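The block underneath contains the structure these notes are about, expressed in C-alpha coordinates.
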Amino acid sequence: IALNHISRTRDGRDNNPISRSYYLKKISEGKTKKEALTCLARRLTDVIYAIMRDRSIYSFSKVKSFGDNCKILETVAV
1 IALNHISRTR DGRDNNPISR SYYLKKISEG KTKKEALTCL ARRLTDVIYA
51 IMRDRSIYSF SKVKSFGDNC KILETVAV
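Residue numbers (the UniProt record's numbering): 1 to 78.
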(Lines of atoms letter the chains of each structure in order from A and count residues from 1; the text may use other names and numbers.)
(Lines give C-alpha, C1' and ligand atoms only; values in the text may rest on other atoms or scores of the structure.)
Protein backbone atom coordinates (compact mmCIF):
# COMPACT_ATOMS: atom_id res chain seq x y z
CA ILE A 1 0.00 0.00 0.00
CA ALA A 2 2.80 2.41 0.87
CA LEU A 3 4.45 2.00 -2.53
CA ASN A 4 1.15 2.85 -4.21
CA HIS A 5 1.03 6.10 -2.26
CA ILE A 6 4.56 7.00 -3.34
CA SER A 7 3.45 7.38 -6.94
CA ARG A 8 0.44 9.58 -6.19
CA THR A 9 -0.09 13.08 -4.86
CA ARG A 10 -2.33 13.91 -1.92
CA ASP A 11 -5.33 14.62 -4.13
CA GLY A 12 -4.94 11.32 -6.01
CA ARG A 13 -3.39 12.67 -9.21
CA ASP A 14 -0.45 10.91 -10.77
CA ASN A 15 2.85 12.26 -9.55
CA ASN A 16 5.17 10.42 -11.89
CA PRO A 17 4.49 10.14 -15.64
CA ILE A 18 6.90 7.19 -15.94
CA SER A 19 4.96 5.26 -13.31
CA ARG A 20 1.70 6.18 -15.01
CA SER A 21 2.86 4.98 -18.43
CA TYR A 22 4.11 1.70 -16.91
CA TYR A 23 0.76 1.22 -15.15
CA LEU A 24 -1.19 1.91 -18.37
CA LYS A 25 1.09 -0.49 -20.26
CA LYS A 26 0.25 -3.25 -17.80
CA ILE A 27 -3.47 -2.46 -18.09
CA SER A 28 -3.19 -2.66 -21.90
CA GLU A 29 -1.54 -6.08 -21.50
CA GLY A 30 -4.78 -7.29 -19.90
CA LYS A 31 -3.84 -7.06 -16.24
CA THR A 32 -6.41 -5.96 -13.68
CA LYS A 33 -5.91 -2.68 -11.83
CA LYS A 34 -4.73 -4.56 -8.76
CA GLU A 35 -2.26 -6.64 -10.80
CA ALA A 36 -0.95 -3.51 -12.56
CA LEU A 37 -0.43 -1.78 -9.21
CA THR A 38 1.41 -4.86 -7.95
CA CYS A 39 3.72 -4.73 -10.99
CA LEU A 40 4.32 -1.02 -10.39
CA ALA A 41 5.07 -1.62 -6.71
CA ARG A 42 7.63 -4.23 -7.74
CA ARG A 43 9.36 -1.75 -10.07
CA LEU A 44 9.38 0.90 -7.33
CA THR A 45 10.91 -1.66 -4.98
CA ASP A 46 13.66 -2.22 -7.56
CA VAL A 47 14.33 1.53 -7.64
CA ILE A 48 14.50 1.73 -3.84
CA TYR A 49 16.84 -1.26 -3.74
CA ALA A 50 19.11 0.26 -6.41
CA ILE A 51 19.32 3.51 -4.45
CA MET A 52 20.25 1.66 -1.26
CA ARG A 53 22.67 -0.70 -3.03
CA ASP A 54 24.51 2.07 -4.87
CA ARG A 55 24.23 4.57 -2.02
CA SER A 56 22.95 7.10 -4.49
CA ILE A 57 20.50 9.95 -4.65
CA TYR A 58 17.22 9.52 -6.51
CA SER A 59 16.95 11.86 -9.43
CA PHE A 60 13.65 11.91 -11.31
CA SER A 61 15.39 13.21 -14.43
CA LYS A 62 17.70 10.17 -14.46
CA VAL A 63 14.88 7.62 -14.51
CA LYS A 64 14.74 5.99 -17.92
CA SER A 65 11.71 3.71 -17.81
CA PHE A 66 10.21 0.76 -16.02
CA GLY A 67 10.44 -1.28 -19.21
CA ASP A 68 10.74 -5.02 -19.57
CA ASN A 69 14.50 -4.76 -19.92
CA CYS A 70 14.40 -3.04 -16.52
CA LYS A 71 16.38 0.11 -17.28
CA ILE A 72 15.38 1.41 -13.89
CA LEU A 73 17.60 4.38 -13.27
CA GLU A 74 20.99 5.87 -13.67
CA THR A 75 21.93 6.91 -10.20
CA VAL A 76 23.98 9.85 -9.09
CA ALA A 77 26.76 8.86 -6.70
CA VAL A 78 26.76 10.45 -3.27
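Think of the CB as a built atom: it goes at the ideal place given N, C-alpha and C, for glycine as much as any other residue.
Here the structure is a predicted model, which means the values were calculated and not measured.
Query	Result
Quick test of your reading: residue 96 and Ile27, contact by CB under 8 Å. State the CB separation rounded to the nearest angstrom.	With the chain covering 1 to 78 only, the question about residue 96 has no answer from this structure.
Classify Tyr58: buried if its beta carbon has 16 or more other beta carbons within 10 angstroms, exposed otherwise.	exposed
Between Tyr22 and Arg43, which are expected to be in contact by the criterion C-beta below 8 Å, what is the C-beta distance as a whole number of angstroms?	6 Å
For Ile51, collect the residues of the same chain with a Cβ closer than 6 Å to its Cβ; drop the 5 residues on either side in sequence, then sort them by chain order.	Tyr58
Helix, strand or coil for Ser21 per DSSP?	helix
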